[in-house]
Amino acid sequence: MIIFLPANIRPTGGSSNFALKLQRGLRPKKHLVVFKFTPRFDLLLVNATCPIRYLLFAKLTRRPIVHRLDGVYYPMSVARWKYIFYNLPMQIILHFFANAVIYQSQYSKDCCDKFLGTNHYIPNHLVYNGVDTQLFSHHGSTRQLRDVPEQPIFITASRFRRSDQILPLIDAFRLYQKNYQARAKLIIVGDFSHAVTNFPQQYTNDSLISFLGPIPNGQLPEYYRGADVFLFTHLNPPCPNNIIEAMACGLPICGIADGAMAEITTPDLNSALIPAPGSGFNQSRRLDLHAFAANLNKIMLHRKEYASHSRRIASQQFTLQQMIRRYLSAITPLVEHSSSYQINFS
Numbered sequence: 104m105i106i107f108l109p110a111n112i113r114p115t116g117g118s119s120n121f122a123l124k125l126q127r128g129l130r131p132k133k134h135l136v137v138f139k140f141t142p143r144f145d146l147l148l149v150n151a152t153c154p155i156r157y158l159l160f161a162k163l164t165r166r167p168i169v170h171r172l173d174g175v176y177y178p179m180s181v182a183r184w185k186y187i188f189y190n191l192p193m194q195i196i197l198h199f200f201a202n203a204v205i206y207q208s209q210y211s212k213d214c215c216d217k218f219l220g221t222n223h224y225i226p227n228h229l230v231y232n233g234v235d236t237q238l239f240s241h242h243g244s245t246r247q248l249r250d251v252p253e254q255p256i257f258i259t260a261s262r263f264r265r266s267d268q269i270l271p272l273i274d275a276f277r278l279y280q281k282n283y284q285a286r287a288k289l290i291i292v293g294d295f296s297h298a299v300t301n302f303p304q305q306y307t308n309d310s311l312i313s314f315l316g317p318i319p320n321g322q323l324p325e326y327y328r329g330a331d332v333f334l335f336t337h338l339n340p341p342c343p344n345n346i347i348e349a350m351a352c353g354l355p356i357c358g359i360a361d362g363a364m365a366e367i368t369t370p371d372l373n374s375a376l377i378p379a380p381g382s383g384f385n386q387s388r389r390l391d392l393h394a395f396a397a398n399l400n401k402i403m404l405h406r407k408e409y410a411s412h413s414r415r416i417a418s419q420q421f422t423l424q425q426m427i428r429r430y431l432s433a434i435t436p437l438v439e440h441s442s443s444y445q446i447n448f449s
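Numbered by this note's numbering, the letters in the sequence shown go through residues 104 to 449 in order.
Now the structure itself:
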């Protein structure tokens with residue numbers, strides 16, 4: 104089976120990360136994932152959106168189209184008041200082109216149902232993101248991040264585009280320093296763009312907040328193994344890869360009970376999450392950052408227990424092999440059904 108997944112592969116980013124994992128996971132099963140167009144593909148997998156020419160080609164040649172959806176745009180997202188127009192391409196694909204849809208979490212499905220509508224005429228599947236638990240593991244080489252022994256090291260990794268993705272995290276970290284451990288250190292991995300492009304320059308004089316820039320996905324485990332807790336304050340996350348990868352490396356999660364966080368982590372077992380009042384779709388949330396700092400302290404007091412549960416949950420529920428099996432279960436019947444009436448181009 105040849106799966107065409109239109110993608111511009113980059114060293115970092117959730118979409119590229121997923122595409123490469125899918126390609127790597129399907130290769131041993133003799134299935135090929137290609138990112139550039141070939142007329143010989145058997146199935147078109149659309150990651151949110153893709154050029155209309157690929158959709159039309161698939162329809163005209165009777166190739167199945169599977170729509171992979173995670174998040175949507177809403178008034179408080181980067182799209183602001185233009186969110187309806189940003190969502191429109193996904194709506195068109197979902198309702199007029201897709202033969203099946205795959206959601207990354209139950210929360211993702213709920214958001215898509217709310218902002219894109221529900222296509223009741225095609226099968227839908229829920230497939231959580233998977234992680235390579237051999238690469239992302241609590242065993243292996245470790246990056247030395249501590250300036251002094253026993254220094255608490257907190258880490259976060261993402262692509263930052265809005266101030267609400269990073270400012271609450273830094274404010275909570277400073278409260279932790281003030282109330283619990285002054286020498287704690289925060290490591291921030293990822294690129295900054297849009298409204299926060301120049302954000303890292305504001306902290307050049309703070310030796311306990313370190314901006315490392317983007318790091319290739321394959322090198323992240325070294326940094327995760329050198330840290331104590333993974334911090335996350337993004338609003339409405341549909342199924343963040345970085346959380347699952349951090350868990351696989353044995354990192355406890357300190358974050359917000361928002362989006363799919365309570366689906367992919369287990370609060371009070373491997374995570375500590377502060378409440379997220381309201382939906383966050385139409386207005387900003389007011390977060391209790393003192394409670395966030397207190398959660399950090401609670402995790403540090405019982406870090407080994409939280410860490411062991413993180414690794415166990417990731418290795419039992421979010422492996423790459425599980426993700427691949429579920430994708431094959433969703434797409435194989437479509438390809439088998441369509442193969443008898445496809446129009447092929449040699």
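For every residue, glycine included, the Cβ atom is placed at its ideal position computed from N, Cα and C.
In three-state terms, what does DSSP make of residue i?
i, result
"V204", "strand"
"S261", "coil"
"V234", "strand"
"N400", "helix"
"N150", "strand"
"H393", "helix"
"H385", "First, the residue type needs correcting, since residue 385 is Asn and not His in the sequence shown. Coil, per DSSP."
"S313", "strand"
"F421", "coil"
"N227", "strand"
"F295", "strand"
"F333", "strand"
"V438", "helix"
"I290", "strand"
"L338", "coil"
"L248", "coil"
"I453", "For the chain, the structure presents residues 104 to 449; residue 453 sits outside this window and is missing."
In terms of alpha-carbon separation, which member of the options lies closest to residue i?
i, options, result
"S208", "P355, A363, D216 and P114", "A363"
"S432", "S411, H297 and L129", "L129"
"Y210", "T236, G243 and V175", "V175"
"P319", "D216, R113, T236 and L108", "R113"
"F200", "L334, T152 and T245", "T152"
"T245", "E408, Y326, A122 and S442", "Y326"
"I377", "I347, A394 and I367", "A394"
"N301", "L334, R264 and T221", "R264"
"N202", "V181, H228 and R183", "H228"
"H134", "A396, H242 and L108", "L108"
"Q268", "P340, N222 and Q247", "P340"
"A351", "A365, N373 and A360", "N373"
"I195", "S418, C215 and A182", "C215"
"L191", "R428, I155, I168 and F160", "I155"
"H170", "R183, K162, V149 and Y189", "V149"
"A122", "Q305, K132 and N111", "N111"
"N345", "Y283, R249, F239 and L219", "F239"
"A298", "A161, A182 and F160", "A182"
"D391", "P226, V204 and Y279", "Y279"
"K217", "P303, D173 and R429", "D173"
"K281", "L399, S387 and N308", "L399"
"I168", "P226, S118 and Y177", "P226"
"T141", "K132, F160 and V204", "F160"
"M179", "Y430, Y283, R388 and Y231", "R388"
"G243", "P324, V251, Y206 and D309", "P324"
"T221", "R429, L197 and L338", "L197"
Excluding the 5 residues preceding and the 5 following residue i in the sequence, name in chain order all residues of the same chain whose CB lies nearer than 7 Å to its CB.
i, result
"D331", "P255, I256, F257, M403 and R406"
"G116", "R262"
"R166", "F144, D145, L146, L147, S441 and Q445"
"Q247", "G329"
"N120", "N320 and N344"
So residue i packs on residue j, CB below 8 Å; how close in whole Å?
i, j, result
"G353", "A260", "So it is not a contact: roughly 15 Å between Cβ atoms."
"P355", "S413", "6 Å"
"G321", "F335", "About 21 Å; that fails the 8 Å criterion."
"M193", "L158", "M193 to L158, Cβ: 12 Å. No contact."
Please work out which residues of its chain come closer than 6 Å, Cβ to Cβ, to residue i, disregarding the five sequence neighbours upstream and downstream, and give them in chain order.
i, result
"L311", "K288"
"L315", "V292"
"L125", "V136"
"A397", "none"
"R286", "Q254"
| message | Threshold first: 4 residues or longer. Then list the alpha helix (DSSP H) segments lying entirely within the stretch 340-382, N to C. | response | Unbroken alpha helix (DSSP H) runs of no fewer than 4 residues, entirely contained in the stretch 340-382, are found at 344-351 and 364-367, following chain order.
| request: Report the residue ranges of all beta strand (DSSP E) runs contained in full by the stretch 166-223; include only those spanning at least 3 residues, in chain order. | output: Here the runs fully enclosed are 168-172 and 203-206.
| Hey, which unbroken runs of the alpha helix (DSSP H) at 4 residues or more fall wholly within the stretch 105-129? | Counting only runs of 4 or more, we get 117-129.
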